[in-house]
Amino acid sequence: MIYHVPWIYTPVRTVLAIWHQLTKTEIPELAKCSVLMRERSRVEETIHCMQRAGAGNLQVISDFDMTLTRFAHNSKRVPTTHNILDNRLLINEDCTKKMRELLNTYYPIEIDASRSAEEKLPLMVEWWTKVHELLIQQKIRKDMLARAVKESSAMLREGYKVFFDHLAEHQVPLLILSAGVGDVLEEVIRQNHVFHPNVHIISNYMDFDHTGVLQAFKGQLIHTFNKREGALSHAAGLRELRGRPNVLLLGDSLGDLTMADGVSEPQNVLTVGFLNDQVEERKESYINSFDIVLVKDETMDVPNAILRYITSSRDNK
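When we follow our numbering, the leftmost residue of the sequence shown carries the number 946, and every step to the right adds one.
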């Protein structure tokens, strides 16, 4: 008599199914313990669609501070573009103190998961406006910015060179949409030797007078929660972004999710969120908002792996 014992096969089938899921996209980095996904199957399908469409249909839209730059290194916070300006070459001690007070007041509001974006918006305008007014009062000299960046501890994420170089090699536009200071941001990228022609920046730029002294900030203020307006008003004018309906979006704030709103007729949008701090308080909202969440990951490993797969030859797929 033959006895059928189906339960013997169940664990094998389960293991095979799990293994298939982990290797289906050929992106083992997605199996890292720091990677969280609400709908893995949708992420995989989106990546497959983007890979089939090829690099010619892709654009990357990214935040800068705490997204392309590290959040921390050796347990110390890495400066944002605004923090880099905290240098005796540029601002005095009183200005430093006032900027720190503003940071301590408004940053907890920015990352407060219990407040809505609508509630935060006027407070963010208030914060950025006050900071810009303080900086203008300091009469910052343009010719000192490069030195201030060089003397700072600014750091792009590990793997940044592969990221920038790979996009340039495949002629994939990189649109950086930042609430930071554009002049400082550009200098950070330039000093890391990755300011390639495919990089486009929308940010808060300083306006210097004829003697090279800061007198104002140009155009509309860009802050964490109005990036949609910045994307809509600027991205449409960038010819390089037209006809690229697939988007890889990188950010560290829920406000960054609107950065792709300037893309005309998007087909596939994959969002990656860096969850840098207050993990437990914000984890749920990030998982419900971003397709992929990277918890305390100071590298570009996952974005690089996704890009490597999307731009790989389709002949073997």
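Glycine is no exception: its CB is placed at the ideal position from the N, C-alpha and C atoms.
List the whole-angstrom C-beta distance separating E1103 from M1245, where the pair is believed to meet the contact cut-off of C-beta under 8 Å. Between M1245 and E1103 the Cβ distance is about 7 Å, and since that is below 8 Å, they are a contact.
Distance check for N1143 and K977, CA to CA, integer angstroms please. Distance between the alpha carbons of K977 and N1143: 30 Å.
Is it a yes or a no for the region 1091–1102 touching the region 1050–1066, going by three-plus beta-carbon pairs under 8 Å? These segments do not touch.
First and last residue of the beta strand (DSSP E) that includes H1145? For H1145, the uninterrupted beta strand (DSSP E) run begins and ends at V1144 to N1149, by DSSP.
For L1035, I'd like the list of residues in its chain whose CB is within less than 7 Å of its CB, leaving aside the five on either flank, ordered along the chain. Excluding residues within five positions, the ones whose Cβ falls inside 7 Å are Q1083, I1085, M1089 and A1093.
Please name the residue in H1111, Q1223 and H1145 whose C-alpha comes closest to that of A1000. Selected option, being the one with the closest Cα: H1111.
Report the rounded CA-to-CA distance for E1071 versus L1130, giving the unit in angstroms. A direct Cα-to-Cα measurement between E1071 and L1130 gives close to 22 Å.
Could you check what DSSP says for H1115 in three-state terms: helix, strand or coil? Collapsing the DSSP output to three states places H1115 in coil.
How about the region 1145–1165 and the region 1105–1124: do they share at least three Cβ pairs that are nearer than 8 Å? Between the region 1145–1165 and the region 1105–1124 there are three or more inter-stretch CB-CB distances shorter than 8 Å, so the stretches are counted as touching.
Could you check if R1015 is buried or exposed, using at least 16 other CB atoms within 10 Å of its CB as the buried criterion? By the neighbour-count criterion, in which a residue is buried when 16 or more other Cβ atoms sit within 10 angstroms of its Cβ, R1015 is buried.
Does the region 992–1009 come close enough to the region 1206–1223 that 3 or more CB-CB pairs lie under 8 Å? When Cβ pairs closer than 8 Å are counted between the two stretches, the region 1206–1223 is seen to touch the region 992–1009, the count reaching three or more.
Using the DSSP secondary-structure output, state which residues sit across from M982 in a beta bridge. By DSSP's assignment, M982 forms a beta bridge with I1237.
Within the same chain, show all residues whose beta-carbon is closer than 6 Å to that of H1115, passing over the 5 residues directly before and after it, in chain order. Counting only Cβ-Cβ distances below 6 Å, and skipping sequence neighbours, we find A1000 and T1256.
I'd like the span of the beta strand (DSSP E) that includes T1216, first residue to last. Residues N1213 to L1220.
Three-state class that DSSP yields for F1170 in the structure shown: Correct three-state label for F1170: coil.
Helix, strand or coil at D1242 according to DSSP, with G and I counted as helix: In this structure, D1242 counts as coil in the three-state DSSP scheme.
Given this structure, state the Cα-to-Cα distance separating I1237 from P973, to the nearest angstrom. If you draw a straight line from the Cα of I1237 to the Cα of P973, it comes to about 14 Å.
Quick one: using the 10 Å Cβ neighbour count with 16 as the cut-off for buried, is H1027 buried or exposed? Burial state of H1027 is buried, judged by a 10 Å Cβ sphere holding 16 or more other Cβ atoms.
Nonlocal neighbours in the same chain, by C-beta distance under 6 Å from T991, ignoring five residues either side: The answer, listed in chain order, is N1213 and L1215.
With 16 other CB atoms within 10 Å as the buried threshold, where does N1037 fall? With a 10 Å radius around the Cβ and a threshold of 16 neighbouring Cβ atoms, N1037 comes out exposed.
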